[in-house]
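A short worksheet on the structure shown next.
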Amino acid sequence: LFYLCSRMSVRKSSRDKSDEASLPLAQDAVDGGGEVKLKAKMSLVNGITVIVGSIIGSGIFVSPTGVLRETGSVNVALIVWLSSGVFSMVGAYCYAELGCMISKSGADYAYIMETFGPFLAFIRLWVECMIVRPCSQAIVALTFAVYVLKPFYPDCDPPDSAERMLAVTCILLLTFVNCWDVSWATKVQDAFTYAKLAALFVIISTGMYQLYLGKTKYFTFDNTKTEVTSIALSFYSGLFAYNGWNYLNFIIEELKDPIRNLPRAIAISCTLVTIVYTMTNVAFYTVLSPEEVLESEAVAVTYANRLFGAMAWTIPVFVALSTFGAVNGILLTSSRLFYAGACEGQMPEILTMIQINRLTPTPAVLCISLLSMLYLIVSDIYTLIDYVGFATWLSIGVAVLCLPCLRWLQPQLPRPIKVNLIFPILYIIATVFVTIFPMIGKPVDTGIGCLMILTSIPVYGVFIAWKNKPKCFMNC
747 LFYLCSRMSV
757 RKSSRDKSDE
767 ASLPLAQDAV
777 DGGGEVKLKA
787 KMSLVNGITV
797 IVGSIIGSGI
807 FVSPTGVLRE
817 TGSVNVALIV
827 WLSSGVFSMV
837 GAYCYAELGC
847 MISKSGADYA
857 YIMETFGPFL
867 AFIRLWVECM
877 IVRPCSQAIV
887 ALTFAVYVLK
897 PFYPDCDPPD
907 SAERMLAVTC
917 ILLLTFVNCW
927 DVSWATKVQD
937 AFTYAKLAAL
947 FVIISTGMYQ
957 LYLGKTKYFT
967 FDNTKTEVTS
977 IALSFYSGLF
987 AYNGWNYLNF
997 IIEELKDPIR
1007 NLPRAIAISC
1017 TLVTIVYTMT
1027 NVAFYTVLSP
1037 EEVLESEAVA
1047 VTYANRLFGA
1057 MAWTIPVFVA
1067 LSTFGAVNGI
1077 LLTSSRLFYA
1087 GACEGQMPEI
1097 LTMIQINRLT
1107 PTPAVLCISL
1117 LSMLYLIVSD
1127 IYTLIDYVGF
1137 ATWLSIGVAV
1147 LCLPCLRWLQ
1157 PQLPRPIKVN
1167 LIFPILYIIA
1177 TVFVTIFPMI
1187 GKPVDTGIGC
1197 LMILTSIPVY
1207 GVFIAWKNKP
1217 KCFMNC
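According to my numbering, the sequence shown is numbered sequentially starting from 747.
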């Protein structure tokens, strides 16, 4: 890592390029002006595995419980899982137009910057970079550690220190891979995506066999909850499991032929994950009762213990492989968000630097890794994610709002893909539903989350909006 950091080339901030509407697509390592930039190395298959690998982490294996708890019945829970997938596909469809129109790394940050300006874009950047992404990576790395160690501690929980040290090892190993070569990172993503899909295929195929045997007694609408708040919270849990469908947009500069490959990768990935998630939940309920699902801390492990017998150990192994791939996906895409923010002048300039031989954003990768390891010190980072979870979907809703706004404000922009406006309108309405009602149901968590978001305002005022700072302040 020290070697990689020793050979850097800085990319100019896009603020200094008044003659360019957007950052150039990364087709070559160096453009005609001698500027070093990210290189497009990712194929369509790589793009699909990045999205699928980022979406499918530990959630589908260990926590379908949240949706069932809020819906009350199995059939409604399955409807929520399917609807959450459709909801994500609509959002991804809107992102396909935005991604082909604004071909910058950074995804929704870049779209909000283009449409609403630097202030709202910085709020999105602050929440995502400083809280959501590093916390998410820390949680997934911890889940990886727990499932690797669990076979060695069958009768008790693994030691907390061992879990955290293994999580650190996971993050550091993948940090090196992402600093060394983007193609290495995509190969890791490909391999572990196939592994997690294989695990889900085993669960689905055994579940379909149980259906063939007539195991359908739990598929009812009994005990369905009808409160609007409960329905919204159930979607909140379901959508959390689909989080990651927009991750390819963060690294669009490194995708070959993005106008062709971005919409294809999004469509294939979201359809595949929706089918896999829904069928996996169907498989769970062929064997497990609603009460067993609600009491289980790891639904997939409980399912395996009931059905696989001596081979039940395979599921914790597959969960570990799944989470390892998810850590890689978060690291790969999050580092590009840091990089994009720095290119806009809203993060330290060092994060715009690219390793001159490997052509990877090494400082940005190191930054997200260090923040993730810092959050491993905190004892209850799951609560922290709950505090800002609503902000994630709210900001995605704002990003989708950019689509109709840009149709009106900048109709001259090239649009290789043009979405019917009914889709972003429906998506924005649904986003308001899944953010406002959970705020009513959990006002304390929402209030703390709002305070975290508001911390971005003084940071923006002091470090970005305040142009004529004293020299002594700048030196500090």
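Note that the Cβ used here is the ideal one computed from N, Cα and C, for glycine as well.
Note that the structure is predicted; figures quoted are calculated from it, not measured.
Segment limits, beta strand (DSSP E) that includes residue i
i, result
"residue 1100", "1099–1101"
Cβ-Cβ distance between residue i and residue j below 8 Å
i, j, result
"residue 966", "residue 819", "yes"
"residue 912", "residue 1073", "no"
"residue 813", "residue 983", "yes"
"residue 992", "residue 838", "yes"
"residue 1052", "residue 1040", "no"
"residue 840", "residue 1169", "yes"
"residue 884", "residue 916", "no"
"residue 1177", "residue 1185", "no"
"residue 1207", "residue 1137", "no"
"residue 1289", "residue 1029", "In the structure as shown, the chain begins at 747 and stops at 1222. Residue 1289 is therefore absent and cannot be evaluated."
"residue 1143", "residue 1163", "no"
"residue 795", "residue 935", "yes"
"residue 857", "residue 949", "no"
"residue 1202", "residue 862", "no"
Bridge partner(s) assigned by DSSP for residue i
i, result
"residue 1001", "788"
Residues near residue i in its chain [Cβ-Cβ closer than 8 Å; skip 5 each side]
i, result
"residue 1068", "802, 803, 804, 807, 938, 941, 942, 945"
"residue 1113", "1081, 1084, 1097"
Endpoints, alpha helix (DSSP H) assigned at residue i
i, result
"residue 1048", "1045–1053"
"residue 866", "864–873"
"residue 926", "906–926"
"residue 1112", "1108–1121"
"residue 1040", "1036–1041"
"residue 1186", "1168–1187"
"residue 882", "879–895"
"residue 979", "974–987"
"residue 1206", "1202–1206"
Cβ-based neighbour list, residue i, same chain, cut-off 7 Å, excluding 5 preceding and 5 following
i, result
"residue 996", "851, 852, 853, 1079, 1082, 1083"
"residue 1212", "none"
"residue 1215", "none"
"residue 974", "1183"
"residue 914", "1119, 1122"
"residue 827", "813, 984, 1023, 1024, 1027"
Same chain, Cβ closer than 6 Å to residue i, five either side skipped, listed in chain order
i, result
"residue 970", "818, 819, 822"
"residue 890", "916, 1066, 1069, 1070"
"residue 835", "1016"
"residue 825", "none"
"residue 968", "819"
"residue 1007", "790, 793, 1001"
"residue 770", "Unreliable placement is indicated for residue 770, whose pLDDT of 33 sits below 50; the coordinate value is still reported in the next sentence. The answer is none, since no qualifying residue turns up."
"residue 990", "800, 801"
Minimum length 4: unbroken alpha helix (DSSP H) runs contained in the segment 805–832
805–808, 811–817
What are the uninterrupted segments assigned as alpha helix (DSSP H) that are 4 or more residues long and contained completely in the segment 1057–1101, given in chain order?
1060–1089
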